[in-house]
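These notes concern the structure reproduced below.
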Amino acid sequence: NAGVMQNPRHLVRRRGQEARLRCSPMKGHSHVYWYRQLPEEGLKFMVYLQKENIIDESGMPKERFSAEFPKEGPSILRIQQVVRGDSAAYFCASSPSNAYEQYFGPGTRLTVT
Amino acid sequence: QQQVKQSPQSLIVQKGGIPIINCAYENTAFDYFPWYQQFPGKGPALLIAIRPDVSEKKEGRFTISFNKSAKQFSLHIMDSQPGDSATYFCAAHAGNNRKLIWGLGTSLAVNP
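Protein chains in written order, with the working numbering: chain A, 1 to 113; chain B, 1001 to 1112.
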């Protein structure tokens, strides 16, 4: 049973470009979460999605950031017009609908130059 | 305001020792408390988790102790090994609100 998959693993963008991060949850998991981790810090919640629904986006910056989890395909975290402060590791987690446990992918490390 | 406070920030033990990492929380609505292990360049891996209706849970060499009245919980690693050297995070969430609130992490080094 494959774990949570994220791609790309590393992404370099220049200031002002767009970044698209993808997450495929574990098989049978219908809940997806995105977290951001800055160096030497803990993770910060960004958004919680179920298929075709955003459940909680209280951790998402109001501008430039968006997330989706379509009926088919991976969940996408999109950052428009990236700035240097967006440089971080972005982790996706998934869980089954009837459990609290969240299982994490390997992360995407975004570097904005 | 850090809702989940974790200590110590770093910890060094000898092989075979029992490192203890502590976390404290304020929100009494929290009802799920997991611990994660993270190696450099990797994603967090779920180690063990506890609900507030039990005071202790063991899985292999990892034990969580939970003190509901003090709003504290801790991770004990028995017979620690150099391979346990990693960063450990505690976290919490409240009921159907599944967003995990994280501690800042403890960097553990186990010397051979």
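Built from N, CA and C at the ideal position, the CB exists for glycine as well.
Using 10 angstroms around the beta-carbon of residue i, count the other beta-carbons present and answer buried if the total reaches 16, otherwise exposed.
i                      : result
residue 1105 (chain B) : buried
residue 1078 (chain B) : exposed
residue 31 (chain A)   : buried
residue 58 (chain A)   : exposed
residue 10 (chain A)   : exposed
residue 82 (chain A)   : buried
residue 1108 (chain B) : buried
Using alpha carbons as the reference points, say which of the options lies closest to residue i.
i                      : options                           : result
residue 111 (chain A)  : A:27, A:18, A:63 and A:75         : A:18
residue 1047 (chain B) : B:1070, B:1039 and B:1059         : B:1059
residue 1063 (chain B) : B:1075, B:1082 and B:1034         : B:1075
residue 61 (chain A)   : A:25, A:44 and A:13               : A:44
residue 1008 (chain B) : B:1093, B:1092 and B:1088         : B:1088
residue 1071 (chain B) : B:1112, B:1031 and B:1019         : B:1031
residue 14 (chain A)   : A:73, A:102 and A:80              : A:80
residue 1101 (chain B) : B:1086, B:1010, B:1026 and B:1015 : B:1026
residue 64 (chain A)   : A:77, A:71, A:53 and A:11         : A:77
residue 48 (chain A)   : B:1017, B:1107 and B:1097         : B:1097
Since I believe residue j is in contact with residue i (beta carbons under 8 angstroms), could you give me their beta-carbon distance rounded to a whole number of angstroms?
i                      : j                      : result
residue 69 (chain A)   : residue 4 (chain A)    : About 13 angstroms; that fails the 8 angstroms criterion.
residue 1082 (chain B) : residue 1110 (chain B) : 5 angstroms
residue 8 (chain A)    : residue 1042 (chain B) : So it is not a contact: roughly 16 angstroms between Cβ atoms.
What does the alpha-carbon distance come out to for the pair residue i and residue j?
i                      : j                      : result
residue 1090 (chain B) : residue 1084 (chain B) : 16 angstroms
residue 1024 (chain B) : residue 21 (chain A)   : 33 angstroms
residue 55 (chain A)   : residue 46 (chain A)   : 11 angstroms
residue 1037 (chain B) : residue 42 (chain A)   : 12 angstroms
residue 36 (chain A)   : residue 88 (chain A)   : 7 angstroms
residue 73 (chain A)   : residue 1006 (chain B) : 37 angstroms
residue 109 (chain A)  : residue 100 (chain A)  : 26 angstroms
residue 1044 (chain B) : residue 91 (chain A)   : 9 angstroms
* To do: Kindly provide the ranges of any beta strand (DSSP E) runs that are 3 or more residues long and lie completely inside the region 1003 to 1085 of chain B, ordered along the chain.
  => 1004 to 1007, 1010 to 1014, 1020 to 1025, 1033 to 1038, 1045 to 1050, 1056 to 1059, 1062 to 1067 and 1072 to 1077
* Runs of beta strand (DSSP E) lying entirely within the region 57 to 97 of chain A, each at least 3 residues, in chain order -> Qualifying beta strand (DSSP E) stretches, in chain order: 65 to 68, 75 to 79 and 88 to 95.
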